[in-house]
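Okay, so here's the structure we're looking at.
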Amino acid sequence: MPVDKNQIKEIEKAVVDGIELTADWNRMFDQRVVFDYDPNGAMDKITDLAGGESMGWCYQCGQCVPVC
Numbered sequence: 007m008p009v010d011k012n013q014i015k016e017i018e019k020a021v022v023d024g025i026e027l028t029a030d031w032n033r034m035f036d037q038r039v040v041f042d043y044d045p046n047g048a049m050d051k052i053t054d055l056a057g058g059e060s061m062g063w064c065y066q067c068g069q070c071v072p073v074c
């Protein structure tokens, strides 16, 4: 999803702890909101892929391993 140019916030010259940061390094973005996010639909697409069925078994334990 491309970013709207109006949401990009950067200043011409920024200095942090004596180090000058160019515009690329001080670029910030306004908060973006996703309205069409469907977590269940996304997971269904992943689990329908070959080899992705085990992702449906995840119960959010936070101990992610390659098996999942």
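Just so you know, we're using my numbering here: the sequence shown kicks off at 7 and counts up by one. Think of the CB as a built atom: it goes at the ideal place given N, C-alpha and C, for glycine as much as any other residue. Nothing here was measured: the structure is a model prediction, and the numbers come from that model.
| Query | Result |
| --- | --- |
| Quick check: the Cα distance between residue 57 and residue 40, rounded to an integer number of angstroms? | 28 Å |
| State the DSSP-derived secondary structure class of residue 25, mapped to helix, strand or coil. | strand |
| Beta-carbon within less than 8 Å of residue 50's beta-carbon, same chain only, minus the 5 sequence neighbours each way: which residues are those? | none |
| From the DSSP output, in three-state form, read off residue 14 for me. | strand |
| Roughly how many angstroms lie between the CA atoms of residue 10 and residue 35, to the nearest whole one? | 9 Å |
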